[in-house]
Amino acid sequence: MSKLTHINPDNMAPYLPYGLSHAVAVEGGRTVYLSGQVGWDADGNIVGPDLADQIAQAHDNIRKILADAGATVGDIVRLNTYVVNYAPEDGETVNAANRRLFEGITPPSATLMGVQALYAPEIRCEVEATVVVKG
Numbered sequence: 676m677s678k679l680t681h682i683n684p685d686n687m688a689p690y691l692p693y694g695l696s697h698a699v700a701v702e703g704g705r706t707v708y709l710s711g712q713v714g715w716d717a718d719g720n721i722v723g724p725d726l727a728d729q730i731a732q733a734h735d736n737i738r739k740i741l742a743d744a745g746a747t748v749g750d751i752v753r754l755n756t757y758v759v760n761y762a763p764e765d766g767e768t769v770n771a772a773n774r775r776l777f778e779g780i781t782p783p784s785a786t787l788m789g790v791q792a793l794y795a796p797e798i799r800c801e802v803e804a805t806v807v808v809k810g
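Letter by letter, the sequence shown follows residues 676 to 810 in this note's numbering.
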């Protein structure tokens, strides 16, 4: 059985209000690496031009992969989010989406990166995760 320890030192600026932890230590379990998920619905259509809708769809896609892998969002130990043409106001959109994704549980470590472009011009964000499934 795996054990996750969320590391959030009291002597550092808090990350939890932003929907992420400083670090996660893992002991045991099976590691699953998710490819970056974008705002495509089940038919491969982009859900909309705005970041909030696309990140919500990417998170929904992650939940589906986790279910298929026998995992939950609580098993995510690392979340990376890439946003095209990142602007400061995009940070709160991503943070709010992460808080919804990890509602009721301690969030994993995470990074938000601004990028110039992704796979296709209509894609605003991509989210990838590392998961440790309890054994």
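For each residue, glycine too, the CB sits at the ideal point set by N, CA and C.
Between residue 740 and residue 770, the alpha-carbon positions lie close to 21 Å from each other. If you draw a straight line from the Cα of residue 678 to the Cα of residue 808, it is about 10 Å long. When only Cα atoms are considered, residue 729 and residue 688 end up about 29 Å apart. DSSP, reduced to helix, strand and coil, places residue 790 within a strand of the structure shown. For the 8 Å CB-CB criterion, residue 719 and residue 733 do not form a contact.
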